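K.L.:
Residue numbers (my numbering): 15 to 460. Just so you know, even glycine gets a beta-carbon here, dropped at the ideal spot from N, CA and C. Since the model is a prediction, treat every value here as computed from it, not as a measurement. The structure under discussion is supplied below as C-alpha coordinates; questions concerning it will follow.
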(Lines of atoms letter the chains of each structure in order from A and count residues from 1; the text may use other names and numbers.)
(Lines give C-alpha, C1' and ligand atoms only; values in the text may rest on other atoms or scores of the structure.)
Protein backbone atom coordinates (compact mmCIF):
# COMPACT_ATOMS: atom_id res chain seq x y z
CA UNK A 1 0.00 0.00 0.00
CA UNK A 2 1.35 3.43 -0.98
CA UNK A 3 0.66 6.00 1.72
CA UNK A 4 1.56 9.70 1.80
CA UNK A 5 1.67 11.42 5.20
CA UNK A 6 1.55 15.21 4.94
CA UNK A 7 3.07 16.75 8.04
CA UNK A 8 6.04 15.45 10.03
CA UNK A 9 4.77 16.59 13.42
CA UNK A 10 3.90 14.37 16.36
CA UNK A 11 0.86 12.66 14.84
CA UNK A 12 2.30 12.52 11.33
CA UNK A 13 5.56 11.00 12.52
CA UNK A 14 3.72 8.45 14.64
CA UNK A 15 1.42 7.52 11.75
CA UNK A 16 4.37 7.16 9.38
CA UNK A 17 6.20 4.91 11.82
CA UNK A 18 3.24 2.66 12.57
CA UNK A 19 2.21 2.26 8.92
CA UNK A 20 5.80 1.67 7.75
CA UNK A 21 6.19 -1.11 10.32
CA UNK A 22 3.05 -2.72 8.87
CA UNK A 23 4.77 -2.90 5.49
CA UNK A 24 3.31 0.12 3.74
CA UNK A 25 5.38 2.25 1.38
CA UNK A 26 5.27 5.57 3.23
CA UNK A 27 6.26 9.00 1.93
CA UNK A 28 6.29 12.01 4.25
CA UNK A 29 5.81 15.55 2.90
CA UNK A 30 6.77 18.62 4.97
CA UNK A 31 8.33 22.05 4.46
CA UNK A 32 10.33 21.73 7.69
CA UNK A 33 13.66 20.22 6.69
CA UNK A 34 14.79 19.61 10.27
CA UNK A 35 11.63 17.58 10.94
CA UNK A 36 12.30 15.49 7.84
CA UNK A 37 15.93 15.01 8.86
CA UNK A 38 14.82 13.75 12.28
CA UNK A 39 12.50 11.20 10.63
CA UNK A 40 15.25 9.99 8.32
CA UNK A 41 17.28 8.92 11.35
CA UNK A 42 14.57 6.67 12.79
CA UNK A 43 12.21 5.57 10.01
CA UNK A 44 12.55 3.78 6.68
CA UNK A 45 10.32 6.16 4.73
CA UNK A 46 10.66 8.38 1.65
CA UNK A 47 10.88 12.12 2.28
CA UNK A 48 9.71 15.03 0.11
CA UNK A 49 10.43 18.66 1.00
CA UNK A 50 7.54 21.00 0.19
CA UNK A 51 4.29 22.47 1.42
CA UNK A 52 1.60 19.81 1.94
CA UNK A 53 -0.89 21.99 0.04
CA UNK A 54 1.43 22.41 -2.95
CA UNK A 55 0.28 20.30 -5.89
CA UNK A 56 3.85 19.99 -7.15
CA UNK A 57 5.04 18.60 -3.81
CA UNK A 58 2.17 16.11 -3.74
CA UNK A 59 2.92 15.03 -7.30
CA UNK A 60 6.59 14.58 -6.41
CA UNK A 61 5.41 12.30 -3.60
CA UNK A 62 3.42 10.19 -6.09
CA UNK A 63 -0.09 11.31 -5.24
CA UNK A 64 -1.56 9.95 -8.50
CA UNK A 65 -0.72 6.40 -7.44
CA UNK A 66 -1.31 6.82 -3.73
CA UNK A 67 -3.72 4.47 -2.01
CA UNK A 68 -4.00 6.82 0.98
CA UNK A 69 -3.09 10.40 1.83
CA UNK A 70 -3.14 11.47 5.50
CA UNK A 71 -3.08 15.23 6.15
CA UNK A 72 -1.70 15.65 9.66
CA UNK A 73 -0.20 19.12 9.98
CA UNK A 74 -0.97 21.31 13.00
CA UNK A 75 -3.50 23.40 11.03
CA UNK A 76 -7.06 22.20 10.40
CA UNK A 77 -7.42 24.44 7.36
CA UNK A 78 -4.15 23.23 5.84
CA UNK A 79 -5.21 19.62 6.39
CA UNK A 80 -8.57 20.17 4.68
CA UNK A 81 -6.94 21.86 1.68
CA UNK A 82 -4.17 19.25 1.51
CA UNK A 83 -6.55 16.28 1.58
CA UNK A 84 -8.90 17.94 -0.91
CA UNK A 85 -6.02 18.68 -3.29
CA UNK A 86 -4.76 15.10 -2.99
CA UNK A 87 -8.23 13.79 -3.78
CA UNK A 88 -8.44 16.00 -6.87
CA UNK A 89 -4.99 14.86 -8.02
CA UNK A 90 -5.96 11.19 -7.91
CA UNK A 91 -5.36 9.78 -4.43
CA UNK A 92 -7.64 6.82 -3.80
CA UNK A 93 -8.51 7.69 -0.17
CA UNK A 94 -7.87 10.79 1.92
CA UNK A 95 -7.87 11.52 5.66
CA UNK A 96 -7.65 14.94 7.30
CA UNK A 97 -6.83 15.54 10.95
CA UNK A 98 -8.95 18.28 12.57
CA UNK A 99 -9.14 19.69 16.07
CA UNK A 100 -11.99 22.20 15.90
CA UNK A 101 -15.47 20.84 16.62
CA UNK A 102 -17.03 22.97 13.86
CA UNK A 103 -15.49 20.73 11.21
CA UNK A 104 -17.27 17.68 12.66
CA UNK A 105 -20.69 19.34 12.99
CA UNK A 106 -22.50 18.07 9.92
CA UNK A 107 -25.75 19.82 10.84
CA UNK A 108 -24.16 23.10 9.71
CA UNK A 109 -21.87 21.94 6.90
CA UNK A 110 -20.47 18.61 5.78
CA UNK A 111 -16.84 19.58 5.25
CA UNK A 112 -15.75 16.10 4.22
CA UNK A 113 -18.32 16.07 1.42
CA UNK A 114 -17.61 19.62 0.27
CA UNK A 115 -13.84 19.04 0.17
CA UNK A 116 -14.15 15.49 -1.24
CA UNK A 117 -12.34 13.98 1.75
CA UNK A 118 -13.09 10.42 2.77
CA UNK A 119 -12.62 10.82 6.52
CA UNK A 120 -12.10 13.55 9.10
CA UNK A 121 -10.24 12.33 12.19
CA UNK A 122 -10.27 14.37 15.41
CA UNK A 123 -7.75 13.12 18.01
CA UNK A 124 -9.40 15.12 20.80
CA UNK A 125 -12.84 13.69 20.02
CA UNK A 126 -11.51 10.14 19.72
CA UNK A 127 -9.65 10.46 23.03
CA UNK A 128 -12.61 11.94 24.87
CA UNK A 129 -14.91 9.15 23.68
CA UNK A 130 -12.40 6.51 24.77
CA UNK A 131 -12.11 8.03 28.25
CA UNK A 132 -15.89 8.43 28.51
CA UNK A 133 -16.45 4.79 27.61
CA UNK A 134 -14.00 3.71 30.31
CA UNK A 135 -15.71 5.93 32.91
CA UNK A 136 -19.24 4.92 31.96
CA UNK A 137 -18.70 1.19 32.06
CA UNK A 138 -16.90 0.19 35.26
CA UNK A 139 -18.85 -3.08 35.57
CA UNK A 140 -18.69 -4.13 31.93
CA UNK A 141 -16.82 -7.32 31.08
CA UNK A 142 -16.45 -6.27 27.45
CA UNK A 143 -16.97 -2.95 25.70
CA UNK A 144 -16.89 -2.27 21.97
CA UNK A 145 -17.74 0.93 20.10
CA UNK A 146 -18.90 0.87 16.51
CA UNK A 147 -19.53 3.41 13.74
CA UNK A 148 -17.57 6.38 15.02
CA UNK A 149 -18.54 5.37 18.55
CA UNK A 150 -22.24 6.16 17.95
CA UNK A 151 -23.08 2.52 18.82
CA UNK A 152 -22.10 0.79 22.06
CA UNK A 153 -21.78 -2.95 22.65
CA UNK A 154 -21.41 -4.25 26.21
CA UNK A 155 -21.23 -7.63 27.85
CA UNK A 156 -22.24 -7.47 31.53
CA UNK A 157 -23.88 -9.51 34.29
CA UNK A 158 -27.64 -9.22 34.80
CA UNK A 159 -28.52 -8.41 38.41
CA UNK A 160 -31.40 -9.10 40.76
CA UNK A 161 -34.19 -6.56 40.80
CA UNK A 162 -33.71 -5.24 37.27
CA UNK A 163 -37.09 -4.87 35.48
CA UNK A 164 -36.19 -7.18 32.57
CA UNK A 165 -35.17 -10.16 34.74
CA UNK A 166 -37.36 -13.27 34.41
CA UNK A 167 -39.61 -11.85 31.68
CA UNK A 168 -40.01 -12.93 28.07
CA UNK A 169 -38.02 -10.53 25.93
CA UNK A 170 -41.13 -9.90 23.85
CA UNK A 171 -42.61 -8.28 26.97
CA UNK A 172 -39.52 -6.19 27.76
CA UNK A 173 -39.99 -2.84 26.04
CA UNK A 174 -36.44 -1.74 25.38
CA UNK A 175 -35.94 1.80 24.07
CA UNK A 176 -35.91 2.20 20.31
CA UNK A 177 -32.38 1.71 19.06
CA UNK A 178 -31.49 -1.07 21.53
CA UNK A 179 -31.25 -4.83 21.09
CA UNK A 180 -30.24 -7.75 23.27
CA UNK A 181 -27.86 -9.69 21.05
CA UNK A 182 -26.85 -12.66 23.22
CA UNK A 183 -27.33 -14.41 26.54
CA UNK A 184 -24.55 -16.41 28.22
CA UNK A 185 -25.85 -18.86 30.84
CA UNK A 186 -23.79 -21.53 32.60
CA UNK A 187 -21.10 -21.21 29.96
CA UNK A 188 -23.53 -21.65 27.04
CA UNK A 189 -24.04 -18.79 24.59
CA UNK A 190 -27.11 -18.29 22.43
CA UNK A 191 -28.85 -15.53 20.51
CA UNK A 192 -32.26 -14.85 22.06
CA UNK A 193 -35.76 -14.86 20.62
CA UNK A 194 -38.92 -13.20 21.90
CA UNK A 195 -39.60 -16.22 24.13
CA UNK A 196 -36.18 -16.06 25.80
CA UNK A 197 -35.73 -14.78 29.35
CA UNK A 198 -32.78 -13.24 31.17
CA UNK A 199 -32.13 -14.63 34.65
CA UNK A 200 -30.15 -13.17 37.51
CA UNK A 201 -26.47 -14.00 37.01
CA UNK A 202 -26.71 -14.38 33.23
CA UNK A 203 -24.23 -12.45 31.15
CA UNK A 204 -25.92 -10.46 28.41
CA UNK A 205 -24.67 -8.74 25.28
CA UNK A 206 -26.46 -5.44 24.69
CA UNK A 207 -26.18 -3.36 21.51
CA UNK A 208 -27.66 0.15 21.46
CA UNK A 209 -27.36 3.64 20.09
CA UNK A 210 -25.12 5.58 22.47
CA UNK A 211 -27.88 8.02 23.41
CA UNK A 212 -30.19 5.26 24.70
CA UNK A 213 -27.65 2.72 25.96
CA UNK A 214 -27.77 3.89 29.57
CA UNK A 215 -31.57 3.52 29.69
CA UNK A 216 -31.53 0.12 27.95
CA UNK A 217 -28.89 -1.25 30.33
CA UNK A 218 -31.15 -0.54 33.31
CA UNK A 219 -33.57 -3.25 32.14
CA UNK A 220 -31.00 -5.94 32.98
CA UNK A 221 -28.74 -4.38 35.58
CA UNK A 222 -29.75 -2.39 38.63
CA UNK A 223 -27.87 0.81 39.19
CA UNK A 224 -24.23 0.03 40.00
CA UNK A 225 -23.80 3.01 42.27
CA UNK A 226 -24.92 6.56 42.86
CA UNK A 227 -23.68 9.47 40.79
CA UNK A 228 -20.01 9.00 40.01
CA UNK A 229 -17.79 11.94 40.88
CA UNK A 230 -15.28 12.91 38.19
CA UNK A 231 -12.60 15.59 38.51
CA UNK A 232 -11.13 16.90 35.24
CA UNK A 233 -7.94 18.96 35.25
CA UNK A 234 -7.50 21.26 32.26
CA UNK A 235 -10.07 23.04 30.10
CA UNK A 236 -8.82 21.60 26.81
CA UNK A 237 -10.89 20.56 23.77
CA UNK A 238 -10.71 16.99 25.09
CA UNK A 239 -12.34 18.22 28.30
CA UNK A 240 -15.24 19.76 26.37
CA UNK A 241 -15.84 16.59 24.36
CA UNK A 242 -15.56 14.48 27.53
CA UNK A 243 -18.07 16.57 29.48
CA UNK A 244 -20.53 16.31 26.61
CA UNK A 245 -20.06 12.54 26.41
CA UNK A 246 -20.77 12.19 30.14
CA UNK A 247 -23.80 14.50 30.17
CA UNK A 248 -26.98 12.86 31.53
CA UNK A 249 -25.05 9.66 32.31
CA UNK A 250 -25.12 9.87 36.11
CA UNK A 251 -21.91 11.85 36.66
CA UNK A 252 -21.09 14.77 38.91
CA UNK A 253 -18.36 16.65 37.03
CA UNK A 254 -15.95 19.25 38.34
CA UNK A 255 -13.72 20.86 35.73
CA UNK A 256 -10.67 22.78 36.97
CA UNK A 257 -9.15 25.48 34.74
CA UNK A 258 -6.59 28.01 36.00
CA UNK A 259 -7.04 30.64 33.28
CA UNK A 260 -9.89 33.03 34.21
CA UNK A 261 -11.32 33.81 30.76
CA UNK A 262 -11.21 30.17 29.69
CA UNK A 263 -12.94 29.10 32.91
CA UNK A 264 -15.74 31.62 32.30
CA UNK A 265 -16.09 30.44 28.70
CA UNK A 266 -16.35 26.80 29.81
CA UNK A 267 -18.91 27.63 32.50
CA UNK A 268 -21.15 29.21 29.85
CA UNK A 269 -20.59 26.41 27.34
CA UNK A 270 -21.06 23.53 29.83
CA UNK A 271 -23.85 24.57 32.26
CA UNK A 272 -24.21 21.02 33.69
CA UNK A 273 -20.55 21.06 34.79
CA UNK A 274 -19.14 22.74 37.90
CA UNK A 275 -16.26 24.81 36.51
CA UNK A 276 -13.71 25.93 39.11
CA UNK A 277 -10.93 28.43 38.40
CA UNK A 278 -8.17 26.74 40.37
CA UNK A 279 -5.41 24.14 40.23
CA UNK A 280 -6.66 20.86 41.75
CA UNK A 281 -3.10 19.86 42.59
CA UNK A 282 -2.80 22.82 44.96
CA UNK A 283 -2.93 21.09 48.38
CA UNK A 284 -5.38 23.67 49.73
CA UNK A 285 -7.72 23.28 46.76
CA UNK A 286 -7.43 19.49 46.90
CA UNK A 287 -8.43 19.50 50.57
CA UNK A 288 -11.18 22.12 50.32
CA UNK A 289 -12.79 20.38 47.33
CA UNK A 290 -12.44 16.89 48.90
CA UNK A 291 -10.94 15.59 45.68
CA UNK A 292 -9.71 12.50 47.53
CA UNK A 293 -13.34 11.31 47.54
CA UNK A 294 -13.69 11.50 43.75
CA UNK A 295 -14.28 8.29 41.83
CA UNK A 296 -12.03 9.38 38.97
CA UNK A 297 -9.38 12.01 38.22
CA UNK A 298 -8.67 12.86 34.56
CA UNK A 299 -5.61 14.98 33.73
CA UNK A 300 -5.66 16.83 30.40
CA UNK A 301 -2.85 19.40 30.52
CA UNK A 302 0.78 18.50 29.71
CA UNK A 303 2.38 15.05 29.84
CA UNK A 304 4.59 15.44 32.89
CA UNK A 305 1.99 17.43 34.82
CA UNK A 306 -0.69 14.88 33.94
CA UNK A 307 1.38 11.92 35.11
CA UNK A 308 2.53 13.54 38.34
CA UNK A 309 -0.97 14.85 39.12
CA UNK A 310 -2.56 11.44 38.62
CA UNK A 311 0.12 9.74 40.71
CA UNK A 312 -0.42 12.30 43.46
CA UNK A 313 -4.23 11.95 43.31
CA UNK A 314 -3.99 8.15 43.42
CA UNK A 315 -1.69 8.32 46.41
CA UNK A 316 -4.21 10.48 48.26
CA UNK A 317 -7.12 8.13 47.68
CA UNK A 318 -8.71 8.75 44.27
CA UNK A 319 -9.90 5.36 42.96
CA UNK A 320 -9.31 5.81 39.22
CA UNK A 321 -6.73 8.06 37.56
CA UNK A 322 -6.43 8.73 33.82
CA UNK A 323 -3.58 10.83 32.42
CA UNK A 324 -3.57 11.88 28.78
CA UNK A 325 -0.04 11.67 27.36
CA UNK A 326 1.30 12.63 23.97
CA UNK A 327 4.59 10.76 24.34
CA UNK A 328 4.06 7.03 23.99
CA UNK A 329 7.36 6.29 25.76
CA UNK A 330 5.79 7.47 29.02
CA UNK A 331 3.65 4.32 29.24
CA UNK A 332 6.11 2.48 31.56
CA UNK A 333 5.92 5.35 34.06
CA UNK A 334 2.13 5.16 34.09
CA UNK A 335 2.22 1.43 34.85
CA UNK A 336 4.91 1.84 37.51
CA UNK A 337 2.93 4.52 39.31
CA UNK A 338 -0.22 2.37 39.47
CA UNK A 339 -2.42 4.72 37.48
CA UNK A 340 -5.55 3.18 36.00
CA UNK A 341 -4.93 3.85 32.31
CA UNK A 342 -3.19 6.38 30.09
CA UNK A 343 -4.70 7.66 26.84
CA UNK A 344 -2.60 8.86 23.90
CA UNK A 345 -4.42 11.05 21.34
CA UNK A 346 -1.90 10.29 18.62
CA UNK A 347 -2.14 6.52 19.19
CA UNK A 348 -5.93 6.61 19.23
CA UNK A 349 -6.10 8.74 16.07
CA UNK A 350 -3.71 6.50 14.15
CA UNK A 351 -5.55 3.40 15.40
CA UNK A 352 -8.77 4.87 14.02
CA UNK A 353 -7.15 5.36 10.62
CA UNK A 354 -5.76 1.82 10.71
CA UNK A 355 -9.20 0.46 11.46
CA UNK A 356 -10.71 2.28 8.50
CA UNK A 357 -7.90 1.21 6.18
CA UNK A 358 -8.47 -2.42 7.11
CA UNK A 359 -12.09 -2.38 6.03
CA UNK A 360 -13.07 -4.75 3.25
CA UNK A 361 -16.49 -5.86 2.06
CA UNK A 362 -16.49 -8.23 5.04
CA UNK A 363 -14.38 -7.50 8.13
CA UNK A 364 -14.37 -9.10 11.56
CA UNK A 365 -14.33 -6.19 14.01
CA UNK A 366 -14.68 -7.86 17.43
CA UNK A 367 -14.83 -11.15 19.34
CA UNK A 368 -17.35 -11.52 22.16
CA UNK A 369 -18.64 -13.99 24.75
CA UNK A 370 -15.29 -15.68 25.24
CA UNK A 371 -14.74 -15.78 21.46
CA UNK A 372 -17.94 -17.78 20.92
CA UNK A 373 -19.46 -14.87 18.99
CA UNK A 374 -18.06 -12.37 16.52
CA UNK A 375 -19.18 -9.04 15.10
CA UNK A 376 -18.69 -8.61 11.35
CA UNK A 377 -18.97 -5.42 9.34
CA UNK A 378 -20.43 -6.31 5.93
CA UNK A 379 -21.35 -4.37 2.81
CA UNK A 380 -24.38 -5.94 1.14
CA UNK A 381 -23.37 -7.21 -2.28
CA UNK A 382 -25.15 -7.25 -5.62
CA UNK A 383 -28.15 -9.63 -5.74
CA UNK A 384 -27.59 -10.69 -2.13
CA UNK A 385 -30.32 -13.01 -0.75
CA UNK A 386 -30.90 -10.51 2.09
CA UNK A 387 -31.63 -7.55 -0.22
CA UNK A 388 -35.12 -6.15 -0.54
CA UNK A 389 -36.59 -7.88 2.51
CA UNK A 390 -37.49 -6.60 5.99
CA UNK A 391 -35.19 -7.90 8.71
CA UNK A 392 -38.12 -9.81 10.20
CA UNK A 393 -38.41 -11.88 7.01
CA UNK A 394 -34.75 -12.67 6.44
CA UNK A 395 -33.94 -16.36 6.36
CA UNK A 396 -30.76 -16.07 8.41
CA UNK A 397 -28.92 -19.09 9.74
CA UNK A 398 -29.33 -19.86 13.45
CA UNK A 399 -27.43 -17.61 15.85
CA UNK A 400 -27.10 -14.72 13.41
CA UNK A 401 -28.49 -11.24 14.00
CA UNK A 402 -28.23 -7.91 12.16
CA UNK A 403 -27.65 -5.44 14.99
CA UNK A 404 -26.49 -2.19 13.34
CA UNK A 405 -26.88 -0.39 10.03
CA UNK A 406 -24.13 2.13 9.26
CA UNK A 407 -25.16 5.45 7.76
CA UNK A 408 -21.61 6.77 7.45
CA UNK A 409 -18.32 6.42 9.30
CA UNK A 410 -19.61 8.44 12.27
CA UNK A 411 -23.28 7.46 12.50
CA UNK A 412 -25.25 4.23 12.68
CA UNK A 413 -28.51 2.92 14.10
CA UNK A 414 -29.82 -0.25 15.68
CA UNK A 415 -32.62 -1.11 13.23
CA UNK A 416 -36.14 -2.33 13.94
CA UNK A 417 -37.68 -5.45 12.40
CA UNK A 418 -39.22 -3.49 9.51
CA UNK A 419 -35.96 -2.17 8.10
CA UNK A 420 -35.30 -3.33 4.52
CA UNK A 421 -31.72 -3.96 3.39
CA UNK A 422 -30.48 -2.81 0.00
CA UNK A 423 -27.35 -3.33 -2.09
CA UNK A 424 -24.32 -1.44 -0.70
CA UNK A 425 -25.89 -1.00 2.75
CA UNK A 426 -23.28 -1.54 5.47
CA UNK A 427 -24.41 -3.69 8.39
CA UNK A 428 -22.93 -5.14 11.56
CA UNK A 429 -23.86 -8.74 12.28
CA UNK A 430 -23.48 -10.76 15.48
CA UNK A 431 -22.92 -14.42 14.64
CA UNK A 432 -21.34 -17.57 16.03
CA UNK A 433 -17.70 -18.07 15.20
CA UNK A 434 -16.81 -20.07 12.07
CA UNK A 435 -19.87 -18.82 10.15
CA UNK A 436 -17.93 -16.54 7.81
CA UNK A 437 -18.57 -18.69 4.72
CA UNK A 438 -22.31 -18.57 5.36
CA UNK A 439 -22.18 -14.80 5.76
CA UNK A 440 -20.41 -14.45 2.43
CA UNK A 441 -23.25 -16.29 0.69
CA UNK A 442 -26.04 -14.41 2.47
CA UNK A 443 -24.59 -10.98 1.77
CA UNK A 444 -23.04 -11.77 -1.64
CA UNK A 445 -19.49 -10.99 -0.56
CA UNK A 446 -17.08 -11.37 -3.47
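I'd like the span of the alpha helix (DSSP H) that includes residue 366, first residue to last.
P.N.:
359-371 is the span of the alpha helix (DSSP H), which, as asked, contains residue 366.
K.L.:
Give me the residue from 191, 179, 190, 187 with the minimum Cα distance to residue 197.
P.N.:
Checked all of 191, 179, 190, 187; the closest Cα to residue 197 is 179.
K.L.:
Given a cut-off of 8 Å on the beta-carbon distance, is the pair residue 63 and residue 50 in contact?
P.N.:
Contact: yes.
K.L.:
Quick check on the burial criterion: 16 or more other C-beta atoms within 10 angstroms. Buried or exposed for residue 285?
P.N.:
So residue 285 counts as exposed.
K.L.:
With residue 20 as the anchor, note down where its beta strand (DSSP E) starts and where it stops.
P.N.:
It spans 16-20 - the beta strand (DSSP E) in which residue 20 sits, taken as one unbroken run.
K.L.:
Starting from residue 192, follow its DSSP beta bridges and name the residues at the other end.
P.N.:
Answer is 222.
K.L.:
Mapping the DSSP letters down to three states, classify residue 355 as helix, strand or coil.
P.N.:
Correct three-state label for residue 355: coil.
K.L.:
Closer than 8 Å is the cut-off here; do at least three beta carbon pairs connect the region 184-195 with the region 245-254?
P.N.:
Short answer: they don't touch.
K.L.:
Measure the beta-carbon distance from residue 317 to residue 243 and round it to whole angstroms, keeping in mind my assumption that it falls under 8 Å.
P.N.:
That pair is no contact at about 25 Å.
K.L.:
When the Cα atoms are used, what is the spatial distance from residue 123 to residue 89?
P.N.:
When rounded, the distance between both Cα atoms is 19 Å.
K.L.:
What does the Cβ neighbour count give for residue 28, buried or exposed, with the cut at 16 atoms within 10 Å?
P.N.:
Under this definition residue 28 is a buried residue.
K.L.:
How would you label residue 448, buried or exposed, when you count the other beta carbons within 10 angstroms and need 16 or more for buried?
P.N.:
Exposed: under 16 other Cβ atoms inside 10 Å.
K.L.:
Looking only at C-alpha atoms, which of 148, 93, 149, 72 sits nearest to residue 125?
P.N.:
It is 93 whose Cα lies nearest to the Cα of residue 125.
K.L.:
Within 10 angstroms of its Cβ, does residue 330 collect 16 or more other Cβ (buried), or is it exposed?
P.N.:
Burial call: exposed.
K.L.:
Using DSSP with H/G/I as helix, E/B as strand and the rest coil, what is residue 428?
P.N.:
In this structure, residue 428 counts as coil in the three-state DSSP scheme.
K.L.:
Have a look at the DSSP bridge pairing and note the partners of residue 387.
P.N.:
The partner list for residue 387 (beta bridge, DSSP) reads 382, 446.
K.L.:
Using 8 Å as the threshold, is the C-beta distance between residue 103 and residue 73 below it?
P.N.:
The answer is yes: Cβ separation under 8 Å.
K.L.:
Measuring alpha carbon to alpha carbon, tell me which of 38, 315, 69, 20 ends up nearest residue 61.
P.N.:
For the residues 38, 315, 69, 20, the minimum Cα distance to residue 61 belongs to 20.
K.L.:
List in chain order: all unbroken alpha helix (DSSP H) runs of 4+ residues lying wholly within the region 284-315.
P.N.:
You should have 297-302.
K.L.:
Please classify residue 321: is it buried, with 16 or more other beta-carbons within 10 angstroms of its beta-carbon, or exposed?
P.N.:
Residue 321 should be labelled buried.
K.L.:
Do residue 18 and residue 43 have their C-beta atoms closer together than 8 Å?
P.N.:
It is a contact, given that the beta carbons lie within the stated cut-off.
K.L.:
Using a Cβ-Cβ cut-off of 6 Å (strictly less than) and excluding sequence neighbours within five positions of residue 398, which residues of its own chain qualify?
P.N.:
Closer than 6 Å at the Cβ level, and outside the excluded window around residue 398, lie 457, 458.
K.L.:
Could you please give the first and the last residue of the uninterrupted alpha helix (DSSP H) stretch that includes residue 438?
P.N.:
Looking at the DSSP string, residue 438 is not in any alpha helix (DSSP H), and its letter there is neither H nor E.
K.L.:
Could you check the C-alpha separation between residue 335 and residue 353 for me, to the nearest Å?
P.N.:
Computed Cα separation, rounded: 5 Å.
K.L.:
What first and last residue would you give for the beta strand (DSSP E) that runs through residue 203?
P.N.:
202-204 is the extent of the beta strand (DSSP E) around residue 203.
K.L.:
With distance defined between alpha-carbon atoms, name the residue in 263, 290, 323, 58 nearest to residue 275.
P.N.:
Cα-wise, what sits closest to residue 275 is 290.
K.L.:
Let me make sure I understand the geometry here. Which of 119, 201, 362, 229 has the alpha-carbon closest to that of residue 166?
P.N.:
Residue 166 has its Cα closest to that of 229, out of 119, 201, 362, 229.
K.L.:
Residue 160 and residue 426: beta carbons closer than 8 Å?
P.N.:
Contact: yes.
K.L.:
With 16 as the cutoff for other CB atoms within 10 Å, does residue 367 come out buried or exposed?
P.N.:
Residue 367 is buried by the Cβ-count criterion.
K.L.:
Beta-carbon separation of residue 82 and residue 109 under 8 Å?
P.N.:
Their beta carbons are under 8 Å apart, which means residue 82 touches residue 109 by this criterion.
K.L.:
On the DSSP bridge list, what partners appear for residue 134?
P.N.:
Its beta-bridge partners are 110.
K.L.:
Do residue 270 and residue 302 count as a contact pair if the criterion is CB distance below 8 Å?
P.N.:
Contact flag unset, no.
K.L.:
Roughly how many angstroms separate the alpha carbons of residue 487 and residue 385, rounded to a whole number?
P.N.:
The structure shown does not extend to residue 487, since the chain is modelled only from 15 through 460, so no value can be given for it.
K.L.:
For residue 130, which residues of its own chain have a beta-carbon under 8 Å away from its beta-carbon, when the five flanking residues on both sides are left out?
P.N.:
Closer than 8 Å at Cβ, skipping near neighbours: 98, 101, 102, 108.
K.L.:
Can you determine whether any heavy atom of the ligand SAH sits closer than 7 Å to the C-beta of residue 337, and answer yes or no?
P.N.:
The ligand SAH is absent from the structure shown, which contains no ligands of any kind.
K.L.:
Assign residue 267 to buried or exposed, taking buried as 16 or more other Cβ atoms, counted over all protein chains shown, within 10 Å of its Cβ.
P.N.:
Label assigned to residue 267: buried.
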